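Notes to accompany the following structure.
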Amino acid sequence: MNRTLRQLILSADLLWIVISFGLAQILRNHLLPNSDVLPRSTYASAALIAASIWTLLYFSKNLEGFCRGWYLPSVFAQVIVGVFCMMISLVAYGFLSRHYYSRLVLLYLACFLPAGFITVRCLAWWLVKSRVHNWVKRRVIIIGSGRIVRELLIKIARHPEASLEVVGVLFPALTESANEHWNEGCGTVSLRTLNILNLIQEKSVQELILVEPVPPGSETEELISSCQRQGIKVHLVPHRYELYLSKARLTEIEDVPLLSLEEQTLSVTGLQLKRAIDFTGALFLLLLSAPLLILSAAILCWNKHGNVFRRELRCGKDGIPFWMYRLNIDRDGSVLDTYQRSLVQFSATELPQLINVLKGEMSLVGPRPESPERVKHYSMWQRQRLTVRPGLTGLAQVNGLREQHSSDEKVHFDLQYIFHWSLFLDLSLVLQTAWTLFLRLVNDNRLAIAPLLKPTLDPDLAIGRIWNANSTQSGTD
């Protein structure tokens, strides 16, 4: 992310913390004019502690809002959870230091801080979107093919603050047609190394991204060397880059680089804490939703004259099979009454899975469980999602992926969740799920899934083809 933008957002956050403390104190004194007024030094120290806590959270949890692309529900959830953690820490500090703050001031802060932080990020996003056409962008060409290139294009499009402009994609010969991955009708040109260098100069390219596997032979090495001599930055996306989603350590032995991949699992303490929160949260939600479940059971029993619940075999942690519960409603059925359709729209058919959470077979947040028929086709990489308990909701689900999507699509998000798990992330995903359910309430097309961004390229250089080293054909248009 742009370092300047990140620092500006943090500076605005810290300024808003100071303003919020002042406003909260003024409103409290106005509402309770005859109450005791605490010394300003008390609230000054509290503001300093709050600013320090927020700075720590800001950098450790990437609270600027642009880390994984701008997405308002994610920004909203992260800010709310961050403010919650800050307020808990502030109250704990006051208790330990015997500095007692007005509850009314704390209540005002809990309202002011999230509103201001979210406004700051929305203004930053508006600034980026309004100025992006005037900023000097770094022009980029991507060399590679397949799903990873398409994913890279989407990610670049989601980060306008990075000031990158993809002016072309070149794909190796003897690979699948690029038309399968982006806009149809894009022309192809046959190029050799010399032609690529001329093309790079013509398009004023400043950076080159190589997506492995790259064409074998000396041409690729010559291309990299030539680009470096001309001052063009060269980036490399490793083959099967998914393996590097975990924390990787780069070391070297006499200039030989070694990339160390460590197995990522939740700590014992983390698992125990997660289990305690799962049990408490599931028990609370089950009691809260009991009237709805009882009413739904009565209606289904009256209409169907059969089982109220259905059991579906799923694979849990370590691939151990278990029976997952659902309300006995055909979610894909074309004939559903209004009440059943509402239950499906708001995912209330999944509420019986709270019983699975209480039994320890599932978690509130985690990868969604899949059937043994799917699991038996998992690759070793995909089987990593079985190292944790499956959940009612997860990172893949808040990003719009459902059961009909392939396991390969969902496993990217599931492994990101596992590798970067924290209680902060769990609370954030719960809030994002609540946001999604709220949008279904206000949106006419409640079950629609947002389409992926369509990458756009320079029409003069949409697709290129790199010929092998022994090719003698010259470049053509």
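Counted the way this note's numbering counts, the sequence shown spans residues -4 to 472.
Ideal Cβ placement from N, Cα and C applies to all residues, glycine included.
No experiment lies behind these values; they were computed from the predicted model shown.
Inset, instruction - Label LYS269 either buried or exposed according to how many other C-beta atoms from any shown protein chain fall within 10 Å of its C-beta, with 16 as the threshold for buried. - result: buried
Legend entry - Separation of GLY395 from ALA445, as counted between CA atoms: At ALA445 the pLDDT is 38, less than 50, meaning the model places this residue with poor confidence and gives no usable figure here.
Inset, instruction - With ASN388 as the anchor, note down where its beta strand (DSSP E) starts and where it stops. - result: Going by the sequence as given, residue 388 is Thr instead of Asn. 386 to 388 is the span of the beta strand (DSSP E), which, as asked, contains THR388.
Inset, instruction - Count the other CB atoms, across all protein chains shown, that sit within 10 Å of the CB of MET319; report buried if there are 16 or more and exposed otherwise. - result: buried
Inset, instruction - Look at the Cβ atom of VAL74, then the Cβ atom of GLN20, and state whether they are nearer than 9 Å. - result: no
Legend entry - Simplified DSSP state of CYS62, which is helix, strand or coil: coil
Inset, instruction - Return the residue from the list TRP120, PHE408, GLY163 that minimises the CA-CA distance to LEU0. - result: TRP120
Legend entry - Cβ contact (3+ pairs, closer than 8 Å) linking the stretch 356 to 365 and the stretch 324 to 341: no
Legend entry - Status (buried if at least 16 other CB within 10 Å, exposed otherwise) for GLU175: In this prediction, GLU175 scores a pLDDT of 48, lower than 50, which makes its location untrustworthy; the coordinate-derived value is nonetheless stated afterwards. Burial call: exposed.
Inset, instruction - State yes or no: is the C-beta of ARG363 within less than 9 Å of the C-beta of PRO385? - result: yes
Legend entry - Top-ranked residue by Cα proximity to VAL78, from ILE113, PHE90, LEU91, ARG63: ILE113
Inset, instruction - Say yes only if the C-beta of ILE44 is nearer than 8 Å to one or more non-hydrogen atoms of the ligand COA, and no if none qualify. - result: The ligand COA is not among the ligands present in this structure, which contains no ligands whatsoever.
Legend entry - Residue interval of the beta strand (DSSP E) (run including MET319): 316 to 322
Legend entry - Other residues of its chain near SER36: CB distance less than 6 Å, five sequence neighbours each side excluded: none
Legend entry - Identity of the residues DSSP links to THR246 by a beta bridge: LEU253
Legend entry - Helix, strand or coil at TRP11 [DSSP, three-state]: helix
Inset, instruction - Inspect the beta-carbon positions of VAL200 and VAL162 and report whether they are closer than 9 Å. - result: yes
Inset, instruction - Indicate the three-state DSSP secondary structure (helix, strand or coil) for GLN2 in the structure shown. - result: helix
Legend entry - Cutoff 6 Å; reference TYR373; Cβ partners in own chain excluding five residues on either side: none
Legend entry - Limits of the unbroken beta strand (DSSP E) element including LYS228: 228 to 232
Legend entry - Chain-order list of residues whose beta-carbon lies under 7 Å from that of GLU404 (same chain, five-residue window excluded): LEU396
Legend entry - Sheet register partners of ARG309 (DSSP bridge): PHE317
Inset, instruction - Compute the distance between the beta-carbons of LEU295 and LEU322, then report whether it is under 9 Å. - result: yes
Inset, instruction - Measure the alpha-carbon distance for ARG23 versus LEU287 and round it to whole angstroms. - result: 41 Å
Inset, instruction - Inspect the CB distances between the stretch 0 to 14 and the stretch 85 to 95 and report whether three or more fall short of 8 Å. - result: no
Legend entry - Simplified DSSP state of ARG146, which is helix, strand or coil: Correcting the residue identity first, residue 146 is Glu in this sequence and not Arg. Looking at GLU146 - three-state DSSP - the assignment turns out to be helix.
Legend entry - Residues that DSSP places opposite GLU160 in a beta bridge: ARG134
Inset, instruction - Could you check the C-alpha separation between GLN348 and GLY265 for me, to the nearest Å? - result: 22 Å
Inset, instruction - Evaluate the contact criterion for the stretch 402 to 416 versus the stretch 64 to 74: three or more CB pairs, one atom per stretch, below 8 Å. - result: no
Legend entry - Whole-number beta carbon distance between LEU280 and VAL383, since they are thought to touch under 8 Å: Wrong, their Cβ atoms sit about 20 Å apart, outside the cutoff.
Inset, instruction - Name the residue from LEU346, SER342, ASP313, SER255 whose alpha carbon lies nearest to the alpha carbon of ARG378. - result: ASP313
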